[in-house]
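Residue numbers (this note's numbering), protein chains in the order written: chain C, -9 to 49; chain W, 190 to 433. Quick reminder that beta carbons are idealized off the backbone N, C-alpha and C, glycines included.
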Amino acid sequence: MNLGPHVGFIVSSYVAAIAIVAGLVIWIVFERWHLTRVLDEFEAQGIRRRSGRAQEDNA
Amino acid sequence: MRLTDLANPSRFVALTDRVLPWLAVATLLAFAFGISQAYFAPDDYQQGATVKIMFIHVPAAWLGTFAWVLMSIAGLGTLVWRHPLADVAAKAAAPIGAAFTLMCLLTGSLWGRPMWGTYWVWDARLTSVLVLFLMYLGVIALWRTIDDPTRAARVAAVLTLVGAVNIPIIKFSVDWWNTLHQPASVLRLGGSTIHPTILVPLIVMLVAFTLLFLTLHLAAMRNEIMRRRVRTLLIMQADAATGR
């Protein structure tokens, strides 16, 4: 494929788009990992929300 | 499951856990198809190969404005119906909307240099999109400034609804003012002015980007619900430590 004389602008656009999407994905995945770890630590300490306890009682 | 059941954050998280993997796979498939279509799309008779930038610029512009519309509807949900997930949806959408608006500005700038001879002009369309990006940053800053999520949600909802006035300005700026940015060519009365060989890949990319937005938004909403659980537990822990 020949992208012509403006190949630098086309490639830069796609690189910028990929970088922005990758940044969003990494941020969301890292945050999920971090929050899961913190909630697990609370669980290990026996600290639970009232609604969490109620769900367990109903199960 | 009834629609009203989704008002319960725990049920929403359970549903999200089930839906997200399928949505992620659909997003990847849509992108694989869209990028292959964009790769084989012919050059435009005026723009040449730079038309390929449009396959990311147009969807990014669409999602930048769509996210603000979604936040405005969620803002109404917060202020009028006090829906428990409305402010979660609004807060989760803001950084994603900001990212797509930034993508729109960057790719538009990189298209403008070879086509217009400049990276930037203070034209009504470009300026109103820049204002949208700044409003996103303002809402994100507001959420971070106010510690109480309920109060932050109400203030952010008001700011979002006031900012919604910019959405029709963005859409119609090219009709109302004499802009360097071209007028609407996809969604317009009288049909699209784009040739099907370019329009079809563009629509496929629009679908792919929308699926990506939905995937990221649902995942970010799930994170926000988890963050609020952590906050509640921290308060409980602090109360227990002080003997309250």
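| message | Rounded to whole angstroms, what is the Cα-Cα separation between alanine 226(W) and alanine 427(W)? | response | The displayed chain sequence assigns glutamine, not alanine, to residue 226(W). Approximately 56 Å between the Cα atoms of the pair.
| query | Would you say glycine 36(C) faces chain W, with C-beta separation under 8 Å as the test? | reply | Taking Cβ atoms only, chain W never reaches closer than 8 Å to glycine 36(C), which makes this a no.
| field | CA-to-CA distance, leucine 319(W) to tryptophan 309(W), given in whole angstroms | value | Their backbone Cα atoms lie some 11 Å apart in a straight line.
| field | Pairwise C-alpha distance: valine -3(C) and threonine 386(W) | value | When rounded, the distance between both Cα atoms is 21 Å.
| field | First through last residue of the alpha helix (DSSP H) which encompasses tyrosine 234(W) | value | Careful: tyrosine 234(W) lies outside any alpha helix (DSSP H) and carries neither H nor E.
| field | Sufficient close CB pairs (3 or more, under 8 Å) joining the segment 201 to 221 of chain W to the segment 394 to 411 of chain W | value | Output reads yes: the segment 394 to 411 of chain W touches the segment 201 to 221 of chain W.
| query | Would arginine 22(C) count as contacting chain W if we go by Cβ distances under 8 Å? | reply | Yes, contact with chain W.
| At a CB-CB cut-off below 9 Å, which residues of chain C make contact with glycine 237(W)? | Correct list: Leu(-7), Gly(-6), Pro(-5) and His(-4).
| task | For alanine 49(C), decide whether its Cβ has a neighbour in chain W, counting only Cβ atoms nearer than 8 Å. | result | Legend: pLDDT at alanine 49(C) = 43, less than 50; position of this residue unreliable, no value from coordinates given.
| query | From tryptophan 270(W) to valine 344(W), what distance separates their C-alpha atoms? | reply | Taking the straight line from one Cα to the other gives about 15 Å.
| query | Is it the case that the Cβ atoms of glutamate 413(W) and valine 277(W) are separated by a distance below 8 Å? | reply | At the C-beta level, glutamate 413(W) and valine 277(W) come within 8 Å of one another.
| said: Counting only Cβ pairs nearer than 8 Å, list the residues of chain C close to proline 210(W). | reply: None at all; the shortest Cβ gap to chain C is about 14 Å.
| task | Classify valine 375(W) as helix, strand or coil using the three-state DSSP reduction. | result | It is coil, neither helix nor strand.
| query | Can you find a CB in chain W that lies within less than 8 Å of the CB of isoleucine 10(C)? | reply | True, the Cβ-Cβ gap to chain W drops below 8 Å.
| Mind pulling the chain W residues with CB within less than 7 Å of arginine 39(C)? | Under a criterion of Cβ atoms nearer than 7 Å, the residues of chain W adjacent to arginine 39(C) are, in order, Arg418, Thr421 and Leu422.
| message | Check for me: the alpha helix (DSSP H) holding alanine 353(W) runs from which residue to which? | response | That residue, alanine 353(W), is in no alpha helix (DSSP H); it is neither H nor E in DSSP.
| query | What is the residue span of the alpha helix (DSSP H) that isoleucine 245(W) lies within? | reply | DSSP places isoleucine 245(W) inside the alpha helix (DSSP H), whose first and last residues are 240 to 265.
| request: Answer yes if the segment 285 to 293 of chain W comes into contact with the segment 223 to 243 of chain W, meaning at least three C-beta pairs across the two stretches below 8 Å, and no otherwise. | output: No, the segment 223 to 243 of chain W does not touch the segment 285 to 293 of chain W.
| said: By the three-class DSSP mapping on this structure, what secondary structure does tyrosine 308(W) have? | reply: If DSSP states are grouped into helix, strand and coil, tyrosine 308(W) belongs with coil.
| message | Between isoleucine 18(C) and chain W, is the shortest Cβ-Cβ distance under 8 Å, so that the two count as touching? | response | Interface annotation, isoleucine 18(C): in contact with chain W, CB-CB separation under 8 Å.
| Cβ of serine 3(C) less than 8 Å from any chain W Cβ? | Taking Cβ atoms only, chain W reaches closer than 8 Å to serine 3(C), which makes this a yes.
| Beta-carbon spacing of alanine 346(W), glycine 264(W) below 8 Å | Taking the C-beta atoms as reference points, glycine 264(W) is found nearer than 8 Å to alanine 346(W).
| message | Could you give the first and the last residue of the continuous alpha helix (DSSP H) run that contains isoleucine 414(W)? | response | Here the alpha helix (DSSP H) through isoleucine 414(W) covers 385 to 431.
| What residues in its chain sit with their C-beta under 8 Å from that of alanine 196(W), if we drop five residues either side in the sequence? | Hits under 8 Å: His272, Pro273 and Leu274.
| said: Rounding to the nearest angstrom, what Cα-Cα distance links leucine 252(W) and phenylalanine 402(W) in this structure? | reply: Going by C-alpha positions, leucine 252(W) is about 8 Å away from phenylalanine 402(W).
| field | Chain-ordered residues of the segment 294 to 309 of chain W with a beta carbon less than 8 Å from chain C | value | Those would be Leu295, Thr296, Leu299, Trp300, Arg302 and Pro303, in chain order.
| query | Applying the criterion that 16 or more other CB atoms from any shown protein chain within 10 Å of the CB defines a buried residue, is leucine 323(W) buried or exposed? | reply | Of the other Cβ atoms in all chains shown, fewer than 16 fall within 10 Å of the Cβ of leucine 323(W); this residue is therefore exposed.
| Residue of Val5(C), Pro(-5)(C), Leu(-7)(C) and Asn(-8)(C) minimising C-alpha distance to threonine 296(W) | For threonine 296(W), the nearest C-alpha among the options comes from Val5(C).
| task | Give the DSSP-derived three-state secondary structure of glycine 327(W) in the structure shown. | result | Taken through DSSP and simplified to helix, strand or coil, glycine 327(W) comes out as helix.
| task | On a CA-only basis, which of Ala283(W), Ile242(W), Pro248(W) and Gln235(W) is nearest valine 375(W)? Give me that one, please. | result | Nearest C-alpha to valine 375(W): Pro248(W).
| query | What residue from Asp233(W), Ser362(W), Lys280(W) and Thr421(W) has the CA that sits closest to alanine 313(W)'s CA? | reply | The option with the nearest alpha carbon to alanine 313(W) is Ser362(W).
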